[in-house]
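Engineer: Residue numbers (the numbering used here), protein chains in the order written: chain A, 1 to 295; chain B, 296 to 615. Attaching a single structure in structure tokens format; questions to follow.
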């Protein structure tokens, strides 16, 4: 068996893949957070709960309506996005003129409500969601065994992140969005419906979280608590990357997933804390974050 | 009516009177109300007051105060149980731990402000949670159970519930006095200046970061005292106290009671503890109700219960 610094390559690549998958979720969630923060100036604490909601909706679609993985991948994000946009219209929109902290507190409360409601209905034990049969099985790449589904998650998330980046950086809609992030009043003066754009942006960011949730369903068991621990790690990712840049959020997400995977190989005890340690180091060296602008 | 009291210049101020009445009420309360409930309320009231020192007077929202509360509880429990220290020394060990932890995390966290500060403190708190899960001395899921309350200064037996209650009450009142002293001191004035206009405080020549760090350490230490007391009252230190839920709860208590008020956090703490007590059988409803209170407070009562009541009290000359 091949080894690398005394570690079997099979284990090394296995953990790296796991890290890459975690990184894919960090990237999708921090991308959504950065988008929402850019335009709404709100740190969406309920992002983790909405990610969980995506997975739960997929599970419900399968077990109640008999709709499988592929329809769920479309339907669940739409359901969650509509839910998010209703929240934005009815609650968040009242806070834009206040201190940013109120947005954090409100979305924290929403996260508690969503999580509590699903816990009340479905308990806290994980519910299995099987891998769709088209993506079952795996490939033997010689140096490691790659389950197809895991490859699909990494690929799908890369495409989604890249797509979002292109949408924001290269299209007219994206240009409006970036302009509104800089100066919403001026953009509104040019006749663009900024409140509508804000709502759609929130819906889009939330939909990304929900897609991540559906993608995660077959890997982790679906349970009401799956989002809350993830969101705190994603906050650390966002502090490390800085919320200023879309690409920065994506790169930081994947990078930290890999760092976490590597730590699992070489020093497993620190795997759950390594991202926070990286955050502490970044705060010491570059407080604004790796891709952040000095404010 | 009020002219009668205000004409004599040596009259006791209404505020002082209110405080004295409250203390007397607190002293007779355990004869009518379950003392353990009252002690829980006092511990969380102190925890919320410590948190409020930071949010209400420096404008820094820490979303990770559970790490000071919970870790101090662990150290106190460990010191009392494994090292056999007397309660006052065990508490001091807990406070010292919280202060050191506050110094390190505060030093890093104050490099960012506003929303990032909240995220950084939350992240560090989560890191300490994982440390607590893995470190052997915390006994993981079981926590440190059967912590002896011991004899205060080797003399006063705290195993008696009433004695323990008066000890907790004394520590609570003393801590609130300390917080009041901090807030009204010249140091506290600078903190408020930083809260209201940081660039101006900097331009006036204040070393803003030093003030913030000192306030953070003070707040962490007081939160640590609250955690230590809680460990002795319940004879237990567990993961619940370091979980981010505890950090969220202390934010909720302060928000519900009134940010930046002296008594608000305590009022909020008692309300939240009461909700937990009465709804503990109905599963996740506590979480749902807590979330709803957050939403309602942020949307409708941003000044909290005390904030809403202050104009009413002012009209009656009770608070100045």
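By construction, the Cβ of each residue, glycine as well, lies at the ideal position given by its N, Cα and C atoms. Only a predicted model underlies this, so the values are computations on that prediction, with no experimental measurement involved.
Pull out every residue of the region 579-598 of chain B whose Cβ sits closer than 9 Å to any Cβ of chain A, in chain order.
Structural biologist: Here the close residues are 579, 580, 581, 582, 583, 584, 585, 586, 587, 588, 589, 590, 591, 592, 593, 594, 597.
Engineer: Measuring only between beta-carbons, confirm whether residue 100 of chain A sits less than 8 Å from chain B.
Structural biologist: Within the first chain, numbered from 1, the residue matching residue 100 of chain A stands at position 100. Interface residue, yes.
Engineer: Have a look at residue 487 of chain B and residue 353 of chain B and give me their C-alpha separation to the nearest angstrom.
Structural biologist: On the second chain, residue 487 of chain B is found 192 positions in, with the first residue counted as 1. On the second chain, residue 353 of chain B is found 58 positions in, with the first residue counted as 1. In a straight line, the C-alpha of residue 487 of chain B is about 6 Å away from that of residue 353 of chain B.
Engineer: Do you know whose CA, among A:214, A:263, A:106, A:26, lies nearest residue 61 of chain A's CA?
Structural biologist: Taking the first residue of the first chain as 1, we reach residue 61 of chain A at position 61. The shortest Cα separation from residue 61 of chain A among A:214, A:263, A:106, A:26 belongs to A:214.
Engineer: Can you give me, in chain order, the residues of the region 527-545 of chain B that have a beta carbon less than 9 Å from any beta carbon in chain A?
Structural biologist: Those would be 539, 540, 543, in chain order.
Engineer: Exposed or buried, what is residue 585 of chain B when buried is set at 16 or more other beta-carbons lying within 10 Å of its beta-carbon?
Structural biologist: Taking the second chain and counting its residues from 1, the one referred to as residue 585 of chain B is at position 290. Per the 10 Å Cβ criterion, buried.
Engineer: Identify which residue in B:598, B:309, B:468, B:542 has its Cα closest to the Cα of residue 421 of chain B.
Structural biologist: Residue numbering aside, residue 421 of chain B sits at position 126 when the second chain is read from its first letter. Residue 421 of chain B has its Cα closest to that of B:542, out of B:598, B:309, B:468, B:542.
Engineer: On the DSSP letters alone, give me the boundaries of the alpha helix (DSSP H) that residue 146 of chain A sits inside.
Structural biologist: Your numbering for residue 146 of chain A matches position 146 in the first chain. Taken as a continuous stretch (DSSP letters only), residue 146 of chain A belongs to no alpha helix (DSSP H), being part of the beta strand (DSSP E) at 145-147.
Engineer: At least one CB of chain B closer than 8 Å to the CB of residue 315 of chain A: is that the case?
Structural biologist: The displayed coordinates of chain A run from 1 to 295. Any statement about residue 315 of chain A would go beyond what the structure contains.
Engineer: Is there a Cβ of chain B sitting closer than 8 Å to that of residue 245 of chain A, yes or no?
Structural biologist: In the first chain, the residue the question calls residue 245 of chain A occupies position 245. It does not; no Cβ of chain B falls within 8 Å.
Engineer: Could you name the residues of chain A that residue 460 of chain B contacts, counting a contact when the two beta carbons are closer than 7 Å?
Structural biologist: Your numbering for residue 460 of chain B matches position 165 in the second chain. What residue 460 of chain B touches in chain A: nothing, since even the nearest Cβ is about 31 Å away.
Engineer: What would DSSP say about residue 583 of chain B, mapped onto helix, strand or coil?
Structural biologist: Counted from its first residue, the second chain places residue 583 of chain B at position 288. DSSP places residue 583 of chain B in helix when its eight states are reduced to three.
Engineer: Can you tell me the Cα-Cα spacing of residue 109 of chain A and residue 423 of chain B, whole angstroms?
Structural biologist: Counting from one through the first chain, the residue named residue 109 of chain A turns up at place 109. Counting from one through the second chain, the residue named residue 423 of chain B turns up at place 128. Residue 109 of chain A and residue 423 of chain B: Cα-Cα distance of roughly 23 Å.
Engineer: With H, G and I counted as helix, E and B as strand and the rest as coil, what does DSSP make of residue 7 of chain A?
Structural biologist: Walking along the first chain from the start, residue 7 of chain A turns up at place 7. DSSP places residue 7 of chain A in strand when its eight states are reduced to three.
Engineer: Of the residues that make up the region 112-143 of chain A, which ones have a beta carbon closer than 7 Å to any beta carbon in chain B?
Structural biologist: Taking 7 Å as the Cβ-Cβ cut-off against chain B, the residues of the region 112-143 of chain A that qualify are 112, 113, 115, 116, 117, 119, 120.
Engineer: By a C-beta neighbour count over all protein chains shown, 10 Å radius and 16 as the cutoff for buried, is residue 465 of chain B buried or exposed?
Structural biologist: For the purposes of this step, residue 465 of chain B is taken as the residue at position 170 of the second chain. Its Cβ having fewer than 16 others within 10 Å, residue 465 of chain B is exposed.
Engineer: Using a Cβ-Cβ distance cut-off of 8 Å, determine whether residue 419 of chain B contacts chain A.
Structural biologist: Here residue 419 of chain B is taken as the residue at index 124 of the second chain, counted from 1. For residue 419 of chain B, the answer is yes, since a Cβ of chain A falls inside 8 Å of its Cβ.
Engineer: How long is the line joining the alpha carbons of residue 371 of chain B and residue 448 of chain B, rounded to whole angstroms?
Structural biologist: On the second chain, residue 371 of chain B is found 76 positions in, with the first residue counted as 1. On the second chain, residue 448 of chain B is found 153 positions in, with the first residue counted as 1. Each residue's alpha carbon lies about 15 Å from the other.
Engineer: Give the interface partners of residue 406 of chain B over in chain A, defined as CB-CB distance under 7 Å, in chain order.
Structural biologist: Taking the first residue of the second chain as 1, we reach residue 406 of chain B at position 111. Here the neighbours are 283, 287.
Engineer: Answer with buried or exposed for residue 441 of chain B, where buried requires no fewer than 16 other C-beta atoms within 10 angstroms of its C-beta.
Structural biologist: To locate residue 441 of chain B, count along the second chain from 1; it is residue 146. Exposed is the call here.
Engineer: Does the region 343-357 of chain B come close enough to the region 570-577 of chain B that 3 or more CB-CB pairs lie under 8 Å?
Structural biologist: Flag = no, the region 570-577 of chain B and the region 343-357 of chain B do not touch.
Engineer: Give me the residue from A:33, A:239, A:53 with the minimum Cα distance to residue 44 of chain A.
Structural biologist: The residue given as residue 44 of chain A occupies position 44 in the first chain. Looking at the Cα atoms, A:33 is the closest of the given residues.
Engineer: With three or more C-beta pairs closer than 8 Å as the rule, is the region 113-120 of chain A touching the region 39-53 of chain A?
Structural biologist: Taking 8 Å as the limit for Cβ pairs, the verdict is that the region 113-120 of chain A does touch the region 39-53 of chain A.
Engineer: Considering only their Cβ atoms, is the gap separating residue 26 of chain A from residue 233 of chain A smaller than 8 Å?
Structural biologist: By 1-based counting over the first chain, the position of residue 233 of chain A is 233. By 1-based counting over the first chain, the position of residue 26 of chain A is 26. In contact: residue 233 of chain A and residue 26 of chain A (Cβ atoms closer than 8 Å).
Engineer: Tell me the DSSP bridge mates of residue 532 of chain B?
Structural biologist: On the second chain, residue 532 of chain B is found 237 positions in, with the first residue counted as 1. DSSP output for residue 532 of chain B lists B:439 as bridge partner(s).
Engineer: Considering only the beta carbon of each residue, do residue 85 of chain A and residue 176 of chain A sit closer than 8 Å?
Structural biologist: Locating residue 85 of chain A in the first chain gives position 85, counting from the first residue. Locating residue 176 of chain A in the first chain gives position 176, counting from the first residue. The answer is no: Cβ separation not under 8 Å.
Engineer: Counting only runs of 4+ residues fully inside the region 42-95 of chain A, write out the alpha helix (DSSP H) ranges in chain order.
Structural biologist: 47-60, 69-90, all fully within the region 42-95 of chain A.
Engineer: For residue 453 of chain B, tell me which candidate among B:373, B:524, B:559, B:588 has the shortest Cα-Cα distance.
Structural biologist: Numbered from 1 along the second chain, position 158 holds the residue referred to as residue 453 of chain B. Nearest option by C-alpha distance: B:524.
Engineer: Name the chain B residues whose beta carbon is nearer than 7 Å to that of residue 93 of chain A?
Structural biologist: For the purposes of this step, residue 93 of chain A is taken as residue 93 along the first chain, with counting starting at 1. Under the 7 Å cutoff, chain B gives no residues; its nearest Cβ is about 11 Å from residue 93 of chain A.
Engineer: Establish whether the CB of residue 501 of chain B and some CB of chain A are separated by less than 8 Å.
Structural biologist: Against the second chain, residue 501 of chain B aligns to sequence position 206. Residue 501 of chain B does not count as touching chain A.
Engineer: Which partner residues does residue 139 of chain A have in the DSSP bridge list?
Structural biologist: Position 139 of the first chain, counted from the start, is the residue given in the question as residue 139 of chain A. According to DSSP, residue 139 of chain A bridges with A:146.
Engineer: In this structure, how does DSSP classify residue 301 of chain B when only helix, strand and coil are distinguished?
Structural biologist: By 1-based counting over the second chain, the position of residue 301 of chain B is 6. Bear in mind that the predicted position of residue 301 of chain B carries a pLDDT of just 43, short of 50, making it unreliable; the figure below should be weighed with that in mind. Helix.
Engineer: Take the Cβ of residue 491 of chain B as the centre, count every other Cβ of all protein chains shown within 10 Å, and call the residue buried at 16 or more, exposed below.
Structural biologist: Here the question's residue 491 of chain B lines up with position 196 in the second chain. Exposed is the call here.
Engineer: Taking 8 Å as the threshold, find out whether the region 402-411 of chain B comes into contact with the region 379-389 of chain B through three or more Cβ pairs.
Structural biologist: In short, these stretches do not touch, since the Cβ pair count stays below three.
Engineer: Suppose contacts are defined by Cβ-Cβ distances below 8 Å. Is residue 509 of chain B in contact with residue 470 of chain B by that definition?
Structural biologist: If you number the second chain from 1, residue 509 of chain B lands on position 214. If you number the second chain from 1, residue 470 of chain B lands on position 175. No, Cβ-Cβ distance for residue 509 of chain B and residue 470 of chain B is not below 8 Å.
Engineer: Give the DSSP-derived three-state secondary structure of residue 127 of chain A in the structure shown.
Structural biologist: Within the first chain, numbered from 1, the residue matching residue 127 of chain A stands at position 127. It is a strand residue.
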